[in-house]
Amino acid sequence: MIIDLQKFIVAEQPFWSELERVLTRQEQDPYRRMSFDEIGRLHYLYQRASADLAKINTYSSERAMRDYLEALVGRAYSFIYGARQETVRFKPWRWFWRTFPSTFRRHRRAFALSLAVMLTGAIFGAAAIVIDPEAKAVLMPFEHLQGDPSERVAKEERGANEKHLTQGKSTFSAFLMTHNTRVSVFVLALGMTWGIGTVLLLFTNGVMLGAVAADYIRAGESAFLVGWLLPHGAVEIPSILVAGQAGLLLAAALIGGGAAKPMGERLRAVVPDVVTLISGVAVMLVWAGLVEAFFSQYHQPTIPYAVKIAFGVVELMLLVLFLRYSGRREIGLAMRRRLRGRWSKSR
Amino acid sequence: MNPEAAFSARTHARTIRTPEGVRFSLPLAGPVSRCLAWLIDALCLVAFAQTIQVAAALLGIVSRDLSQAVTILLYFIFFLGYAMALEWYWNGQTIGKRILGLRVMDVRGLRLRPSQIIIRNLLRAVDSLPAVYLLGGVVCLASRYAQRLGDLAANTIVVRSTRVTAPRIDTVLADNRYNSLRAYPHLAARLRQQVTPIEADTALQALLRRDDLDPEGRVELFATMARHFKSKVVYPEEDLAGISDEQYVRDVVDLLFRR
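Here the protein sequences line up with chains A and B, keeping their order.
For what it's worth, the working numbering labels the leading residue of the first sequence as 168, then goes sequentially.
For what it's worth, the working numbering labels the leading residue of the second sequence as 50, then goes sequentially.
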């Protein structure tokens with residue numbers, strides 16, 4: 168007990184109060200830019216408070232004093248050593264056209280695995296329907312898919328569903344968006360089960376898809392099937408696959424697989440990419456929801472199948488081009504070079 | 050790891066060592082306080098859901114379809130984004146956490162990044178399995194820093210964050226103008242040597258909180274403390290004559306905390 172606590176407090180209190188003021192001001196406005204002198208002063212105050220805490224820990228055990236200084240040093244530490252990336256404002260345009268597709272490409276192996284699992288499920292589902300058509304009740308838990316495909320096609324082409332939809336297209340669209348996003352988030356979240364849940368969910372979705380496709384193809388309704396599924400499925404199915412990709416990334420970070428880094432570090436490295444992917448999925452599902460409610464449910468003769476299929480094919484091609492090329496630095500540079508060349512020729 | 054070992058590995062605080070070599074600790078929030086905070090947040094969500102319904106009913110006058118669509122979207126956005134938005138704008142706090150003095154922090158004591166907030170809230174989908182956050186609760190009880198799965202993935206912890214103010218030690222010592230124990234510097238030096246930091250702190254805390262104690266308890270407490278300190282260093286009887294036990298303890302604290 169060799170510290171004069173009262174004298175110590177009287178001498179140091181003004182510096183602590185100043186540090187508190189600086190921290191409160193910055194916490195209230197995280198985007199406020201500090202001048203060089205302010206940063207220097209903050210660093211000095213932080214180091215002084217740290218030294219005071221070290222003194223208190225060594226020479227005195229006054230608990231309230233220690234708690235106060237620990238809280239103060241903790242706040243300053245988190246501010247000074249915290250990642251500074253968040254002071255850069257979020258730019259949605261740049262994020263969508265550059266960050267999201269490049270993140271997707273960086274983890275294309277996880278996407279390939281996600282696709283492989285769903286395809287395996289689809290093959291299994293299709294095979295099950297071909298071998299045992301009675302399995303339909305188990306493989307397709309949706310009432311409107313239980314009946315005979317040809318009967319449904321005839322009913323849809325009479326426009327029975329269209330009349331019903333006219334009253335509630337917006338509601339149906341909103342329901343689809345939220346439901347599919349919820350499913351995608353679940354596919355991602357199940358990555359925390361070492362990826363087992365993600366794989367199971369992708370597989371079961373594949374099974375349902377394969378079973379429906381096989382059922383309609385067997386009934387000779389391929390045109391209806393493609394015209395019905397492709398316009399929204401061209402975006403919706405890749406969305407679920409990207410959600411699976413994010414879930415598998417999370418699982419890979421959790422498992423490690425001989426990586427030298429500890430689990431916390433592995434997760435820290437992968438989480439921003441996982442968030443980017445799932446946010447991209449949400450955007451894609453908004454589009455898919457609109458298309459499914461306002462376009463997919465209208466069948467021939469209202470909209471010819473050829474138009475619907477062409478629409479779906481174009482969508483899929485655009486999606487592939489977007490994910491494959493959007494935001495590529497070398498493409499941007501080449502385009503800039505070409506434009507510059509044209510401009511200099513025109514002069 | 051067996052469950053007992055996992056449980057014993059839990060700590061009540063996250064201690065962080067800064068590059069300056071200073072340690073500070075963040076007291077961790079337990080599952081009960083977190084559950085209460087969640088209940089408060091759930092009540093807020095229900096209240097907001099009611100507001101949405103009223104607004105939707107008004108919109109329904111224009112178009113029933115649009116009103117239902119807006120309701121579905123607003124419910125979804127609000128239920129998913131409530132915690133994310135508040136934890137970002139209030140530095141790791143929601144209404145429930147603010148009321149109960151809890152805060153989400155990075156496990157290394159750093160500021161939260163947006164991706165951490167988003168992922169810890171998205172993973173509620175798996176933490177809430179099979180119902181009422183059972184899986185999250187079990188993981189929280191078993192994990193070292195009381196983290197649910199969302200916290201593990203996001204590298205976050207939930208800490209108790211009551212704003213601590215500087216202690217008013219001057220209220221105890223400023224009025225102690227004459228201290229008879231200072232007349233014997235060699236005994237004062239011995240007292241400083243004999244009294245442990247914990248004993249000194251206990252005496253100081255008793256003086257800081259004297260007004261919170263009931264009179265009988267206060268007399269008894271300071272009598273016990275005075276007896277304890279007198280057993281460590283014996284001062285001449287004539288110097289202690291007329292000094293109450295509380296004043297004696299105050300003099301001892303004055304000697305220990307002031308040079």
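Quick reminder that beta carbons are idealized off the backbone N, C-alpha and C, glycines included.
Computed from a prediction, not measured in an experiment: that's the story for all the values here.
Residue i, DSSP secondary structure in three states
i, result
"Ala34(B)", "Residue coverage of chain B in this structure runs from 50 to 308, which leaves residue 34(B) outside it and unanswerable."
"Ser74(B)", "strand"
"Thr143(B)", "coil"
"Met155(A)", "Look at the range of chain A in this structure, 168 to 514, and you will see that residue 155(A) is not part of it."
"Arg152(B)", "strand"
"Thr360(A)", "helix"
"Ile206(B)", "strand"
"Arg113(B)", "helix"
"His466(A)", "coil"
"Ala410(A)", "helix"
"Val181(B)", "coil"
"Gln196(B)", "coil"
"Thr67(B)", "coil"
"Pro398(A)", "helix"
"Gly425(A)", "coil"
"Ile292(B)", "coil"
"Arg385(A)", "helix"
Same chain, Cβ closer than 8 Å to residue i, five either side skipped, listed in chain order
i, result
"Pro52(B)", "With a pLDDT of 39 at Pro52(B), under the threshold of 50, the predicted position of this residue should be treated as unreliable, though the coordinate-derived value follows. Cβ neighbours of Pro52(B) beyond the five flanking positions: Ala191."
"Glu237(A)", "Leu220"
"Asn204(B)", "Asp155, Val156, Arg157, Gln165"
"Leu94(B)", "Phe127, Phe128, Tyr131"
"Gln243(B)", "Lys281, Val282"
"Leu198(B)", "Leu172, Val175, Asp176, Leu184, Gly185, Val188"
"Trp264(A)", "Ser493, Gly494"
Closer than 7 Å at the beta carbon, the chain A residues around residue i
i, result
"Glu69(B)", "Gln214, Ser217"
"Asn228(B)", "Per Cβ cutoff of 7 Å: no residues; Asn228(B) is ~13 Å from chain A at best."
"Phe125(B)", "Thr345"
"Ile167(B)", "Val442"
Status (buried if at least 16 other CB within 10 Å, exposed otherwise) for residue i
i, result
"Leu172(A)", "buried"
"Leu151(B)", "buried"
"Met200(A)", "Reading off the sequence, residue 200(A) comes out as Arg, not Met. It counts as exposed."
"Leu107(B)", "exposed"
"Ser463(A)", "buried"
"Phe56(B)", "With a pLDDT of 40 at Phe56(B), under the threshold of 50, the predicted position of this residue should be treated as unreliable, though the coordinate-derived value follows. Answer is exposed; the Cβ neighbour count stays below 16."
"Phe198(A)", "Checking the sequence shown, residue 198(A) turns out to be Tyr, not Phe. Exposed, since its Cβ has fewer than 16 Cβ neighbours within 10 Å."
"Ala174(B)", "buried"
"Gly373(A)", "buried"
"Lys258(A)", "exposed"
"Ala314(A)", "Residue 314(A) is actually Gly in this sequence, not Ala. When all chains shown are included, Gly314(A) counts as exposed."
"Lys428(A)", "exposed"
"Arg507(A)", "exposed"
Cβ-based neighbour list, residue i, same chain, cut-off 7 Å, excluding 5 preceding and 5 following
i, result
"Leu408(A)", "Phe278, Ser281, Leu282, Met285"
"Ser269(A)", "Gly494"
"Phe246(A)", "Leu190, Gln193"
"Arg276(B)", "none"
Under 9 Å from the C-beta of residue i: neighbouring residues of chain B
i, result
"Phe353(A)", "Ala174, Val175"
"Ala475(A)", "Just to set this straight, residue 475(A) is Lys in the shown sequence, not Ala. The premise fails here: Lys475(A) is roughly 23 Å from chain B at the closest Cβ pair, so nothing lies under 9 Å."
6 Å Cβ shell around residue i - same chain, five flanking residues per side excluded
i, result
"Gly447(A)", "Phe267"
"Arg325(A)", "none"
"Asp300(B)", "Asn228, Leu230"
"Leu417(A)", "Gly358, Val441"
Closer than 8 Å at the beta carbon, the chain B residues around residue i
i, result
"Arg435(A)", "Asn204"
"Leu417(A)", "Ala202"
"Ser245(A)", "Met154, Asp155, Gly158, Leu159, Arg160"
Beta-carbon neighbours of residue i, restricted to chain A and to distances below 9 Å
i, result
"Ala118(B)", "Gly335, Lys336, Ser337, Thr338, Phe339, Ser340, Ala341, Phe342"
"Ser164(B)", "Val438, Pro439, Asp440, Val441, Val442, Thr443"
"Val181(B)", "In chain order: nothing, as chain A lies at least about 16 Å away."
Cross-chain neighbours of residue i in chain B, by beta carbon under 7 Å
i, result
"Met359(A)", "Leu172, Val175, Leu198, Ala202"
"Trp221(A)", "Before going further, note that residue 221(A) is Ala rather than Trp in the sequence given. By Cβ distance, chain B contributes Val71."
"Gly249(A)", "Leu159, Arg160"
"Lys428(A)", "Within chain B, no residue comes near Lys428(A); the closest Cβ sits about 12 Å away, beyond 7 Å."
"Ala356(A)", "Leu171, Leu172, Ala174, Val175"
"Glu237(A)", "Phe73, Ser74"
Proximal residues of chain A, C-beta to C-beta of residue i below 8 Å
i, result
"Leu75(B)", "Gly241"
"Gln311(B)", "Since the first and last residues shown for chain B are 50 and 308, residue 311(B) lies out of range."
"Leu342(B)", "The requested residue 342(B) does not occur in the structure, where chain B is confined to residues 50 to 308."
"Ile89(B)", "What Ile89(B) touches in chain A: nothing, since even the nearest Cβ is about 23 Å away."
Query - Residue ranges of each alpha helix (DSSP H) within the stretch 208 to 267 of chain A, 4 or longer - result: 230 to 248
Query - Uninterrupted alpha helix (DSSP H) stretches inside the stretch 269 to 337 of chain A (no shorter than 4 residues) - result: 275 to 298, 303 to 306, 316 to 324, 327 to 333
Report task. Pick out the complete beta strand (DSSP E) segments inside the stretch 214 to 285 of chain B, 3 residues or longer, and give them in chain order. Result -> none
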